[in-house]
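Read in order, the letters of the sequence shown are residues 1 to 627 in UniProt numbering. Below is one structure, written out as structure tokens, with a few remarks after it.
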Amino acid sequence: MHQLTLSVQVPISNVSLTASATDLVEFNDTAVLTCSVLNGTSLSYVWMKGSTEVAVGAGVQLSDEGATLIMVGVTRYDEGSYRCNVSNGVSDAISPPVHLNIYYGPSNTTMTITPMRSAYITGSNISLSCSAESNPPAGVQWMLNGVNLNHFDPELQLEMVAENKSGNYKCILHNTVTSRFTSESGMIRIFTPIAAVVVNPIGGPPILHEQYILHCEVTGYVGNIQWSRNGQPITADNTTVIDMTNRTLLLKPVQLSDNGNYRCEASSPVSNMTSHPYTVEVNYGPMTPVIAAPSMALTGQMVTLNCSSDSHPPSHISWYFNGSLQATTSELVIGPLTFNMSGQYTCMAHNNITCKNSSADTMLTILAPVTMASIKIVGAQPIMNHTFTLTCETAGSVHYIGCEANNALSHFVGPIFSLEVFYGPEMPAIMGPNAAKRGDNATFSCYASSNPLCSYEWFFNGFVVSNASEYVASLLTDESSVMYTCMAYNNITGKNSTADKMLTVFDPIEDVQIETPMNPAIIVTFNPLELNDTGLYQCMALNPFWNKTSPSYMLLINYGPETPMIDGPAFAEEGHSAVFTCSAKSVPPSDYNWWFNGSSVANSSVFTTDPLSSNMSGEYTCLAYNM
1 MHQLTLSVQV
11 PISNVSLTAS
21 ATDLVEFNDT
31 AVLTCSVLNG
41 TSLSYVWMKG
51 STEVAVGAGV
61 QLSDEGATLI
71 MVGVTRYDEG
81 SYRCNVSNGV
91 SDAISPPVHL
101 NIYYGPSNTT
111 MTITPMRSAY
121 ITGSNISLSC
131 SAESNPPAGV
141 QWMLNGVNLN
151 HFDPELQLEM
161 VAENKSGNYK
171 CILHNTVTSR
181 FTSESGMIRI
191 FTPIAAVVVN
201 PIGGPPILHE
211 QYILHCEVTG
221 YVGNIQWSRN
231 GQPITADNTT
241 VIDMTNRTLL
251 LKPVQLSDNG
261 NYRCEASSPV
271 SNMTSHPYTV
281 EVNYGPMTPV
291 IAAPSMALTG
301 QMVTLNCSSD
311 SHPPSHISWY
321 FNGSLQATTS
331 ELVIGPLTFN
341 MSGQYTCMAH
351 NNITCKNSSA
361 DTMLTILAPV
371 TMASIKIVGA
381 QPIMNHTFTL
391 TCETAGSVHY
401 IGCEANNALS
411 HFVGPIFSLE
421 VFYGPEMPAI
431 MGPNAAKRGD
441 NATFSCYASS
451 NPLCSYEWFF
461 NGFVVSNASE
471 YVASLLTDES
481 SVMYTCMAYN
491 NITGKNSTAD
501 KMLTVFDPIE
511 DVQIETPMNP
521 AIIVTFNPLE
531 LNDTGLYQCM
541 ALNPFWNKTS
551 PSYMLLINYG
561 PETPMIDGPA
571 FAEEGHSAVF
581 TCSAKSVPPS
591 DYNWWFNGSS
601 VANSSVFTTD
611 PLSSNMSGEY
621 TCLAYNM
């Protein structure tokens, strides 16, 4: 059920608005606005500032049942035109506006410096301006480092500035009506620019694994120095040390990766300058020499030995044999060879800048050629996992037998011997289906690795059903859902191996329907039934070979009625009729009855009253019911 109350009221006329004062000081004064009405009953008041409704809250209060608006401690945002809107159920009227003027500030002070920079170069022109929110506008006074500049305009011009114009600039603002002060400060720094930047080394040349120093020399004021190598910034780490002023770069120790062009960039708040590149080439080596030479050679031949060593600048090379100098070039040629030329050859590299030496040795052995090799067979045929023996006989000086006899410089190959190994069978592999339809055929094939090729037998329920690698199980029934076994055997090795295959037979699905179920395993239960369960339902049955879906089943949910909704007036004038409409969500649709003061007045969703009189004010009730 739902009830409605009807009230008969008098129209409103002659609305006026008065204020205790219209010129007020922010935070100090209180505004009081009073709304008066000559005629009207059951009055409601809405206060407006411009086109926006005034919200009651902190500092804003209503009294006299809403006829008086009180704003305690007014703010600048309270300034504007105010009106009161008076209404009842049958009429409304708006008062003429009253304007409140609020004196405030100074506040929200800002200082603008043009151009705005963190620092300025000597000779620059700088403009400072100061402003604040204030009514009436505030007066301005300027100070530098606490000293009065006797300047009272909102703007202060600084022309062709020198370093002594650096400091803290402050503007002080004063409102003579509110007697309030505020201020804002800004720091201006003035510097002379950098004139020259040069990178110079300190000490000897850069040598790998030793210490090397570079120094950045700057003319002029420096705020910061940044080192770079090949255009990339350098940061301090375990091998790179930069002093507290960033002027000195210490490579400790020098590494090969320190090669490159070094620059230092000096900067101040007003200027920066980068040095010309200074090229660092790391001197290193000689590293351990690398010798390219044979370890063995035949008598009568000529051989060449080459030596190289990684070094900067390039090293000088010397060759020694058994301690005796042989050459001062990277290449050494010796021969014709004799047995007394076998021995140790030494290459020595020397770097004139690093003053270091490094050497490496190579051994040369002189040999004679190999002349003969042959194969003999010992034992029976080769069968896997049995013992089988071959022997190789040679003539001459032999280092290796394959059966191919050789040394580093000559060899002799015996006749070819062909070896065939008998093995198997290994575990068979069965290919075929895991499931089939009743009444169909199923084909299986079996294969096992073996030498020579093996033979096959198929078993079903302990009986042989095929003597081939392929077996066809025909006209399958439910009894065919059993194990099939394939056995492979080798007549030479005398061995056999087996594997199993399981086949499952399925029946087709013939019909699927949604019915009142007797089997709980296929019941769908709604607990509780919800309105969104309404819709079409289907079920599907399936196995590995078939699936089938039932026809659709429509499920419709009955519910309601929910709480009725009444559409109609809350106020009406005498002599007029009122129309009320009642609705409630329901399936199937609801029936309706209207009641007034306990008596039934209609039995439809729409109810129209007779012409109204004052005794027809009261509660109207709508009753909805679902059969």
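No residue lacks a Cβ here, since even glycine has one placed at the ideal position from N, Cα and C.
(1) Count the other CB atoms, across all protein chains shown, that sit within 10 Å of the CB of leucine 156; report buried if there are 16 or more and exposed otherwise.
(2) Three or more beta-carbon pairs under 8 Å between the region 89–101 and the region 9–18, yes or no?
(3) In angstroms with no decimal places, state the Cα-to-Cα distance between valine 505 and arginine 438.
(4) Can you give me the Cβ contacts of glycine 220 inside the same chain, cut-off strictly under 6 Å, excluding the 5 residues immediately before and after it?
(5) Among residues of its own chain, excluding the 5 on either side of proline 154, which ones have a beta-carbon nearer than 7 Å to its beta-carbon?
(6) Quick one: which unbroken beta strand (DSSP E) runs of 3-plus residues sit fully inside the region 436–511? Chain order, please.
(7) When DSSP labels each residue in this structure, what does lysine 165 get in the three-state scheme?
(8) Please confirm whether arginine 83 and tryptophan 47 have their CB atoms less than 9 Å apart.
(9) Go ahead and pull the three-state DSSP assignment for serine 179.
(10) Would you grab the beta carbon distance between threonine 192 and glutamate 163 for me? Rounded to a whole angstrom, and I think it's under 8 Å.
(11) Just to confirm, are serine 107 and glutamate 133 a CB contact at a threshold of 9 Å?
(12) Below 9 Å between beta carbons: does that hold for valine 74 and valine 10?
(13) What residue from Tyr262, Tyr489, Ile202, Leu250 has the CA that sits closest to glycine 231's CA?
(14) How would you call isoleucine 416, buried or exposed, if buried means at least 16 neighbouring beta carbons within 10 angstroms?
(15) Which residues bound the beta strand (DSSP E) around asparagine 101?
(16) Enumerate in chain order the residues of its own chain whose CB-to-CB distance from arginine 229 is below 6 Å, with the five nearest sequence positions on each side excluded.
(17) Using CA coordinates, which residue listed in Thr443, Gly186, Tyr447 is at the minimum distance from proline 115?
(18) So what's serine 275 in DSSP terms, helix, strand or just coil?
(19) Curious, which full-length beta strand (DSSP E) runs of at least 3 residues does the region 1–89 contain?
(20) Ends of the beta strand (DSSP E) at aspartate 361?
(21) Got a sec: does the ligand FAD put a non-hydrogen atom nearer than 8 Å to the Cβ of leucine 367?
(22) Three-state secondary structure (DSSP) at methionine 244?
(23) Skipping 5 residues on each side, what residues in its chain have a beta carbon closer than 6 Å to that of serine 450?
(24) With burial defined as no fewer than 16 other Cβ atoms inside 10 Å of the residue's Cβ, what is the status of aspartate 258: buried or exposed?
(25) Leaving aside the five residues before and after proline 253 along the sequence, list all residues of the same chain whose C-beta is less than 7 Å from its C-beta, in chain order.
(26) Name the residue from Asn385, Tyr120, Ser127 whose alpha carbon lies nearest to the alpha carbon of serine 166.
(27) Given that a residue counts as buried once 16 or more other Cβ atoms are within 10 Å of its Cβ, and exposed if not, what is lysine 548?
(28) By alpha-carbon positions, which one of Met160, Ala138, Tyr169 ends up nearest to threonine 182?
(29) Using only alpha-carbon positions, find the residue among Thr525, Ile523, Ala468, Ser455 that is nearest to isoleucine 492.
(30) Per the contact definition of three or more C-beta pairs closer than 8 Å, is the region 533–544 in contact with the region 496–514?
(31) When we look at the beta-carbon of methionine 348 and count the other beta-carbons within 10 Å, is it buried (16 or more) or exposed?
(32) Residues in the same chain with beta-carbon distance under 7 Å from serine 315, minus the five sequence neighbours each way, listed in chain order, please.
(33) Under the three-state reduction of DSSP, which class applies to glycine 384: helix, strand or coil?
(34) State whether the region 22–29 contacts the region 573–590, with contact taken as three or more CB pairs (one from each stretch) at a distance under 8 Å.
(35) When the Cβ atoms of the region 284–303 are set against those of the region 264–273, are three or more pairs found closer than 8 Å?
(36) Measuring CB atoms only, is the region 56–73 touching the region 35–44, in the sense that at least three cross pairs come out at less than 8 Å?
If we stick to the structure as given:
(1) One-based indexing of the sequence shown puts residue 156 at position 156. With 16 or more Cβ atoms within 10 Å of its Cβ, leucine 156 is classed as buried.
(2) In this structure the region 89–101 lies against the region 9–18, because at least three pairs of beta carbons, one per stretch, are closer than 8 Å.
(3) Start at 1 with the first residue of the sequence shown, and residue 505 comes out as number 505. Start at 1 with the first residue of the sequence shown, and residue 438 comes out as number 438. Going by the C-alpha atoms only, they are around 6 Å apart.
(4) Counting from one through the sequence shown, the residue named residue 220 turns up at place 220. Answer for glycine 220: Ile194, Ala195, listed in chain order.
(5) The residue you call residue 154 lines up with position 154 of the sequence shown. Excluding sequence neighbours, proline 154 sits near Ser129, Cys130, Ser131, Val140.
(6) 442–447, 455–460, 463–466, 470–473, 483–490, 495–502, 504–506
(7) Within the sequence shown, numbered from 1, the residue matching residue 165 stands at position 165. In the structure shown, lysine 165 sits in a helix (DSSP, three-state: H, G or I).
(8) Position 83 of the sequence shown, counting from 1, holds the residue named residue 83. Position 47 of the sequence shown, counting from 1, holds the residue named residue 47. In contact: arginine 83 and tryptophan 47 (Cβ atoms closer than 9 Å).
(9) Taking the first residue of the sequence shown as 1, we reach residue 179 at position 179. In the three-state DSSP reduction, serine 179 falls in the coil class, being neither helix nor strand.
(10) Counted from its first residue, the sequence shown places residue 192 at position 192. Counted from its first residue, the sequence shown places residue 163 at position 163. About 7 Å separates the beta carbons of threonine 192 and glutamate 163, which is inside the 8 Å limit, making them a contact pair.
(11) Along the sequence shown, one-based indexing puts residue 107 at 107. Along the sequence shown, one-based indexing puts residue 133 at 133. It is a contact, given that the beta carbons lie within the stated cut-off.
(12) Taking the sequence shown and counting its residues from 1, the one referred to as residue 74 is at position 74. Taking the sequence shown and counting its residues from 1, the one referred to as residue 10 is at position 10. No, the pair does not count as a contact, with Cβ atoms beyond the cut-off.
(13) Within the sequence shown, residue 231 is the residue found at index 231, counting from 1. When each option's Cα is compared against that of glycine 231, the closest is Tyr262.
(14) Numbered from its first residue, the sequence shown carries residue 416 at position 416. Counting the other CB atoms within 10 Å of its CB gives isoleucine 416 a total below 16, which places it among the exposed residues.
(15) For the purposes of this step, residue 101 is identified with residue 101 of the sequence shown, where counting begins at 1. Its beta strand (DSSP E) spans residues 98–114.
(16) Mapped onto the sequence shown, residue 229 falls at position 229. Hits under 6 Å: Gly260, Tyr262.
(17) Taking the sequence shown and counting its residues from 1, the one referred to as residue 115 is at position 115. The option with the nearest alpha carbon to proline 115 is Gly186.
(18) As a first step, residue 275 must be located in the sequence shown, where it is residue number 275. In the structure shown, serine 275 adopts coil according to DSSP, grouped into three states.
(19) 13–19, 23–25, 31–39, 44–49, 60–63, 68–71, 80–87
(20) Looking up residue 361 in the sequence shown gives position 361. Its beta strand (DSSP E) spans residues 356–367.
(21) Judged by which ligands are present, the structure shown has none, so any question about the ligand FAD falls away.
(22) The residue given as residue 244 occupies position 244 in the sequence shown. Residue state, collapsed to three classes: coil.
(23) Within the sequence shown, numbered from 1, the residue matching residue 450 stands at position 450. For serine 450, where only same-chain residues beyond five positions count, the Cβ hits under 6 Å are Gly424, Pro425, Asn490.
(24) Locating residue 258 in the sequence shown gives position 258, counting from the first residue. So aspartate 258 counts as buried.
(25) Taking the sequence shown and counting its residues from 1, the one referred to as residue 253 is at position 253. Contacts found: His209, Glu210, Gln211, Thr239.
(26) What you label residue 166 is simply residue 166 of the sequence shown in a count that begins at 1. It is Tyr120 whose Cα lies nearest to the Cα of serine 166.
(27) Numbered from 1 along the sequence shown, position 548 holds the residue referred to as residue 548. Lysine 548 comes out exposed.
(28) Along the sequence shown, one-based indexing puts residue 182 at 182. When each option's Cα is compared against that of threonine 182, the closest is Ala138.
(29) Here residue 492 refers to the residue found at position 492 when the sequence shown is read from its first residue. Closest by alpha carbon: Ser455.
(30) yes
(31) Counting from 1 along the sequence shown, the entry for residue 348 is found at position 348. Buried, by the Cβ-count rule.
(32) Numbered from its first residue, the sequence shown carries residue 315 at position 315. Excluding positions up to five away in sequence, the list reads Gly285, Pro286, Ser309, Ala349, His350, Asn351.
(33) By 1-based counting over the sequence shown, the position of residue 384 is 384. For the record, residue 384 in the displayed sequence is methionine; it is not glycine. Here methionine 384 sits in coil by DSSP.
(34) Segments in contact, no.
(35) no
(36) The region 56–73 vs the region 35–44: in contact.
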